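Protein chains in written order, with my numbering: chain B, 1 to 180; chain V, 181 to 549.
Note sheet for the following structure.
Take a look at the structure:
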């Protein structure tokens with residue numbers, strides 16, 4: 001039965017002497033290879049050169065601070081409950097009267113961890129967050145030799161303080177600066 | 181038998197049911213169950229005299245009774261209206277009711293803060309459910325909201341008066357369950373406020389039940405404060421022999437830690453009945469028995485699958501047996517990663533359930549040294 005009319009009859013004739021030394025076929029293949037020397041290179045030299053990301057790229061998570069440099073996260077657990085990969089865990093604590101310049105609300109996340117091995121960068125945590133505290137930045141998680149390096153803790157995730165380190169803060173904001 | 185007792189026929193949302201005279205419309209609707217039942221924020225069937233305050237249970241009475249089939253001119257509070265024979269009630273089938281209920285919810289939310297991310301009641305809050313069903317996305321209220329300082333009612337109960345919707349349930353608990361009532365409502369109208377008289381501590385054995393009856397997060401358990409979100413804890417039914425109360429409770433666990441103890445709730449969010457009596461639990465069971473060894477565990481509490489509390493809980497879950505020891509012939513694997521080596525969360529050396537109040541930065545500092 002024939003499904004298409006593109007089938008070709010296999011040529012089973014014995015090769016001639018010229019064909020059996022394969023010289024012509026090798027030259028033909030080399031011709032294709034060398035012709036690429038004169039074409040535009042599709043690769044870039046990462047990490048010196050970097051490609052720009054799309055505006056909606058979802059990369060490594062950042063825990064946001066407010067204008068005064070206080071942490072926005074209140075450990076409400078909505079990101080963790082929204083996370084389809086169950087990558088986020090946290091532990092809440094009550095803010096002490098002396099810590100009012102550190103945390104925005106009376107409850108805060110004392111521990112906040114994202115397991116980047118589990119994370120699928122879907123951005124549902126960003127969507128679920130009622131406090132605008134977590135967003136996905138335009139960098140990705142760097143590679144690491146051990147699994148331990150992929151448990152991101154609060155100190156890895158927190159954005160630099162806009163009051164004490166405004167430049168680092170602006171850099172961390174990246175393209176999202178004008179977003180909100 | 182009830183032959184001599186005349187039963188009243190009442191039709192709620194086109195469903196007819198026969199109930200005893202003296203039943204309220206709300207209770208008749210609860211007998212039918214499902215969507216027909218009006219929501220209730222202040223009515224609590226186990227507390228005498230409760231109801232009639234929040235107006236969320238408003239229903240339309242299309243025909244007063246068989247003898248007098250005229251409709252009632254205004255919407256009535258179903259928790260306070262007794263059924264009559266031949267009464268026709270409209271709840272979800274009436275646009276007037278839905279409209280009025282939306283209005284009531286908007287009023288309830290006028291002074292209610294939007295601090296659900298912080299509030300410990302979130303996930304099992306009746307106002308949250310109500311707002312989800314009937315609430316508006318935005319608020320039309322432009323004025324300053326009524327705020328109060330948070331207050332300690334006794335050593336175990338935290339009062340967030342800002343969140344209170346003045347349902348009076350807790351004062352009925354104080355009245356009917358405890359022998360000496362030491363808290364009530366001060367002032368009137370917009371200034372009305374739940375308070376203990378001159379911050380008198382409530383040290384009665386059953387005072388903790390006001391946490392369970394509170395429909396919002398105004399009264400919360402201080403021993404559970406900020407420990408975990410409700411939906412991340414695992415509810416299990418458990419009991420113990422208690423000489424003060426029935427001892428039948430729900431434990432809210434994380435692993436083996438008992439983070440919170442509450443009374444068992446029925447489908448209406450009320451305390452379950454045992455032998456015809458409400459299963460209130462005493463403060464000893466609620467606040468001091470925070471070890472799983474104190475309890476006989478009966479099994480996972482049945483959670484409605486539409487509830488957020490049911491997330492991540494798998495009834496009938498079979499945990500596969502640990503194979504490493506068997507495969508390795510007793511030797512320790514060389515490359516096994518223990519999550520506690522890296523992760524700080526759920527640190528085994530910090531037992532949150534045994535801390536009196538909420539965790540603070542000090543709780544975790546000690547651990548790091």
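Glycine included, each C-beta is placed from N, C-alpha and C at the ideal position.
All values reported here derive from a predicted model rather than from experimental measurement.
Contact with chain V by residue i, beta-carbon distance below 8 Å
{"i": "residue 76 of chain B", "result": "yes"}
{"i": "residue 16 of chain B", "result": "no"}
{"i": "residue 151 of chain B", "result": "yes"}
{"i": "residue 65 of chain B", "result": "no"}
{"i": "residue 161 of chain B", "result": "no"}
{"i": "residue 96 of chain B", "result": "yes"}
{"i": "residue 185 of chain B", "result": "Absent from the structure is residue 185 of chain B, since the part of chain B shown begins at 1 and ends at 180."}
{"i": "residue 19 of chain B", "result": "no"}
{"i": "residue 99 of chain B", "result": "yes"}
{"i": "residue 72 of chain B", "result": "no"}
Residue range of the beta strand (DSSP E) that includes residue i
{"i": "residue 140 of chain V", "result": "Because chain V in this structure spans residues 181 to 549, residue 140 of chain V falls outside the shown range and cannot be described."}
{"i": "residue 78 of chain B", "result": "Looking at the DSSP string, residue 78 of chain B is not in any beta strand (DSSP E); the run it does join, the alpha helix (DSSP H), is 78-82."}
{"i": "residue 331 of chain V", "result": "331-333"}
{"i": "residue 188 of chain V", "result": "188-192"}
{"i": "residue 440 of chain V", "result": "437-443"}
{"i": "residue 267 of chain V", "result": "267-270"}
{"i": "residue 199 of chain V", "result": "195-199"}
{"i": "residue 217 of chain V", "result": "No beta strand (DSSP E) holds residue 217 of chain V; DSSP gives it neither H nor E."}
is_contact[residue i, chain B] using C-beta, thresh 8 Å
{"i": "residue 301 of chain V", "result": "no"}
{"i": "residue 199 of chain V", "result": "no"}
{"i": "residue 531 of chain V", "result": "no"}
{"i": "residue 260 of chain V", "result": "no"}
{"i": "residue 535 of chain V", "result": "no"}
{"i": "residue 378 of chain V", "result": "In this predicted model, residue 378 of chain V has a pLDDT of only 46, less than 50, meaning its place in the structure is not dependable enough to derive any value."}
{"i": "residue 328 of chain V", "result": "no"}
{"i": "residue 467 of chain V", "result": "no"}
{"i": "residue 409 of chain V", "result": "yes"}
{"i": "residue 414 of chain V", "result": "no"}
Residue i - containing alpha helix (DSSP H), residue span
{"i": "residue 352 of chain V", "result": "349-356"}
{"i": "residue 281 of chain V", "result": "275-288"}
{"i": "residue 311 of chain V", "result": "306-314"}
{"i": "residue 166 of chain B", "result": "166-173"}
{"i": "residue 124 of chain B", "result": "124-128"}
{"i": "residue 94 of chain B", "result": "Segment 88-94 is the beta strand (DSSP E) holding residue 94 of chain B; no alpha helix (DSSP H) there."}
Own chain partners of residue i with C-beta closer than 7 Å, once the 5 adjacent residues on each side are dropped
{"i": "residue 569 of chain V", "result": "Lying before the first or after the last residue shown, residue 569 of chain V is absent from chain V, which here runs from 181 to 549."}
{"i": "residue 211 of chain V", "result": "197 and 199"}
{"i": "residue 245 of chain V", "result": "264, 265, 266 and 267"}
{"i": "residue 162 of chain V", "result": "Nothing about residue 162 of chain V can be read from this structure; chain V reaches only from 181 to 549."}
{"i": "residue 223 of chain V", "result": "206, 230, 231, 237 and 259"}
{"i": "residue 378 of chain V", "result": "The pLDDT assigned to residue 378 of chain V is 46, lower than 50, so where the model puts this residue is not dependable, and the model offers no usable value."}
{"i": "residue 282 of chain V", "result": "314"}
{"i": "residue 437 of chain V", "result": "531, 532 and 533"}
Beta-ladder partner(s) of residue i, from DSSP
{"i": "residue 457 of chain V", "result": "V/454"}
{"i": "residue 494 of chain V", "result": "The partner list for residue 494 of chain V (beta bridge, DSSP) is empty, contrary to what the question assumes."}
{"i": "residue 364 of chain V", "result": "V/375"}
{"i": "residue 115 of chain B", "result": "B/151"}
{"i": "residue 103 of chain B", "result": "B/71"}
{"i": "residue 414 of chain V", "result": "V/433"}
{"i": "residue 228 of chain V", "result": "Partner(s): none; residue 228 of chain V has no beta bridge."}
Contacts that residue i makes with chain V (C-beta to C-beta distance below 7 Å)
{"i": "residue 90 of chain B", "result": "525"}
{"i": "residue 155 of chain B", "result": "Here the premise fails: no neighbours, minimum Cβ distance about 10 Å."}
{"i": "residue 107 of chain B", "result": "298 and 406"}
{"i": "residue 147 of chain B", "result": "517"}
{"i": "residue 142 of chain B", "result": "Under the 7 Å cutoff, chain V gives no residues; its nearest Cβ is about 17 Å from residue 142 of chain B."}
{"i": "residue 130 of chain B", "result": "297"}
Close Cβ partners of residue i (< 6 Å) along its chain, the five nearest in sequence each way excluded
{"i": "residue 364 of chain V", "result": "351"}
{"i": "residue 398 of chain V", "result": "340, 343 and 344"}
{"i": "residue 201 of chain V", "result": "188"}
{"i": "residue 463 of chain V", "result": "385 and 388"}
Residues of its chain near residue i, where Cβ-Cβ distance is below 8 Å and the 5 sequence neighbours each way are ignored
{"i": "residue 168 of chain B", "result": "160"}
{"i": "residue 526 of chain V", "result": "434, 435 and 520"}
{"i": "residue 131 of chain B", "result": "72, 73, 74, 76, 104 and 105"}
Contacts that residue i makes with chain V (C-beta to C-beta distance below 8 Å)
{"i": "residue 93 of chain B", "result": "406, 538, 539, 540, 541, 543 and 544"}
{"i": "residue 113 of chain B", "result": "523, 524 and 525"}
Where residue i meets chain B, residues with beta-carbon distance less than 8 Å
{"i": "residue 488 of chain V", "result": "81"}
Residues that residue i contacts on chain B, provided the C-beta gap is smaller than 7 Å
{"i": "residue 491 of chain V", "result": "81"}
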